[in-house]
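Every letter in the sequence shown is one number past the one before it in the working numbering, and letter 272, counting from 1, is 273.
Single-structure report; data block below.
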Amino acid sequence: MYYEVDKERIEKFLKEVKPSSVLVEAPPGLWREADEVCKMLKEKGIDCIRSAIPVFGACLVFEHFAGDAVIHLGHYPYPWWRPRKPTLFLEASWKGKVNWGPLVDVLSGKVLLASPAQHVKQLYELKDILKRKGIEANLAKGFVEGLILGCDYSGLKEGYDHYVIVAGGVFHALGAALYLGRKIIKFDPYTSKVEEVDPYPVLKKRMWKVSEAIEGKKVAIIDGIEGQSRPQLLESLKREAERNGFEVKVFKASILTRDFMIGILEEVDFAVTLSCPRLALDDFGDLHKPVLAPGEARAAFRRDLERYSFPW
């Protein structure tokens, strides 16, 4: 296995819950590990059902599908929601050896480090290396130290010379750059590639989307389910939109597909996604009408681009 699966935690979970069947959820990058978990379950006489539904995060567990319990790979527990069914969250830390050299060579001053779940443990190794080089480094103060989510960058505080996101791909780094409104450094632990991520080209496009929405009159606000259901945010945005003269249509969706969004946009001038703010940026950013994250929507409702924020 490429990623660490804590078998002791699985053993403890099974002893406590005593399930006869378990639903195992994992993103595609962890299917090998999910298969190993299933083998472990079968050896104990427990039925294993692999979920074929996309895994977006710990905010959405499809617990109603199957199983007496759920084992979810790839994420820490979501701090604002818990499944009703017994669920074990395993972050699945990467087990590879990292060549930090190319990153260390470009850092100086005060540095803040963050990563998604798979690389949080490796941040402590990086912090120690930087300390020995005389560089002050701290970990982001999220609900798990060092952790950022695609929808939550609140642990990235101001006052640092460099912000470093350790992750494969640009997903988390781009979100961090947009949240901070500045260039940040992305380090890929798989390739040791160092890259500067500039939010401004994307920010210009997002501001244009908000400008288009400001000219609209009808808006769809789309809420999700389970941990992606945000009733208080829904009511807050609905009140603000109506107070500023927008006509609001409210929708509810478990999984928001492209075809569904195109259909909604035939009825309104723009839409707001509450389930996941990254949908507006990564999935629907190229549609013919604006799809906004909640923070962007507030700027549109107030008709004030200076109020722009991402994601919330």
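Backbone N, C-alpha and C fix where the C-beta goes; we use that ideal spot for every residue, glycine too.
query	result
If you count every other CB in all the chains shown that lies within 10 Å of the CB of H65, and 16 or more means buried, which is it?	exposed
Tell me the residue span of the alpha helix (DSSP H) that contains D270.	Taken as a continuous stretch (DSSP letters only), D270 belongs to no alpha helix (DSSP H), as it is neither H nor E.
From D48, L113, V6, L306, pick the residue whose C-alpha is nearest to that of G156; which is it?	L113
Can you confirm whether the region 66-80 touches the region 44-55 when touching is taken to mean that 3 or more C-beta pairs between the two stretches lie within less than 8 Å?	yes
Just verifying my parser: in three-state terms, what is the DSSP assignment at L280?	helix
Please state whether DSSP places V38 in a helix, a strand or coil.	helix
Give me the Cα-Cα distance between P55 and I215, rounded to the nearest whole angstrom.	33 Å
Starting from the N-terminal side, write out each stretch of the alpha helix (DSSP H) that is 4 residues or longer and does not extend beyond the region 85-121.	102-105
Using three-state DSSP, classify L127 as helix, strand or coil.	helix
Mind checking T192: buried by the 16 CB within 10 Å criterion, or exposed?	exposed
Tell me whether the beta-carbon of E307 lies closer than 9 Å to the beta-carbon of R207.	no
Near C39, which residues of its chain fall below 7 Å by C-beta distance, leaving aside the five closest residues on each side in sequence?	V25, C49, R51
Which class does A59 belong to by DSSP, given the choice of helix, strand or coil?	coil
If I follow the unbroken alpha helix (DSSP H) through R299, where does it start and stop?	295-302
Excluding sequence positions up to five away, which residues of its chain have a Cβ less than 6 Å from the Cβ of P87?	V18, A70
Can you pull the DSSP bridge partners for E146?	K142
Between R10 and V195, what straight-line distance do the alpha-carbon atoms span, to the nearest angstrom?	34 Å
Sort E34, D224, K43 by Cα distance to S21 and report the nearest one.	K43
Buried or exposed: which applies to F311, given that a residue is buried once 16 or more other Cβ atoms fall within 10 Å of its Cβ?	buried
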